[in-house]
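**Student:**
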Amino acid sequence: MINVIGLGYIGLPTALMFAKSGVEVVGTDLNEKLIDSLSKGKLTFEEEGLEELFSDAIEKGIKFKTEYQKSDTYIVAVPTPYIKESKKLDQKYLISAINSILDVCEKGAV
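Each residue of the sequence shown is one higher than the one before, counting from 5 in the working numbering.
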């Protein structure tokens, strides 16, 4: 199973592509409203071809959760905003996601 963390403009299409291909996928995001919408079959943004991809992934059994899941593989697609003052990326979302993955992942997970 693949657990895609972060269901924005990068994570959601990534999760949908894997699911459409027949891979067991759970999409995880901390935004409860987002997960509720996706679970009810409603997309939260528009992109060419996304509706068809979403329908295909739903038919293949993609799941959406707010809790991190035990998985074989994790793909992290969370924001890393640019901080103008320091000219660096804000890694707090990435670090938080990785720490949450470490709480549930088993030995051998990628």
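Virtual Cβ for every residue (Gly too), placed ideally from N, Cα, C.
If I follow the unbroken beta strand (DSSP E) through residue 69, where does it start and stop?
**Tutor:** 67-69
**Student:** When the distance is taken between beta carbons, is residue 11 closer than 8 Å to residue 58?
**Tutor:** Result no, Cβ atoms of residue 58 and residue 11 do not sit closer than 8 Å.
**Student:** Could you tell me the distance, in whole angstroms, from the CA atom of residue 80 to the CA atom of residue 45?
**Tutor:** 23 Å
**Student:** Skipping 5 residues on each side, what residues in its chain have a beta carbon closer than 8 Å to that of residue 51?
**Tutor:** Within the same chain, and ignoring the five residues on either side of residue 51 in sequence, the residues whose Cβ sits closer than 8 Å to its Cβ are 13 and 17.
**Student:** Does the beta-carbon of residue 91 have 16 or more other beta-carbons within 10 angstroms, so that it is buried, or is it exposed?
**Tutor:** With fewer than 16 other Cβ atoms within 10 Å, it is exposed.
**Student:** Which same chain residues, not among the five before or five after residue 31, have their C-beta less than 6 Å away from its C-beta?
**Tutor:** So the qualifying residues of the chain are 8, 11, 19 and 68.
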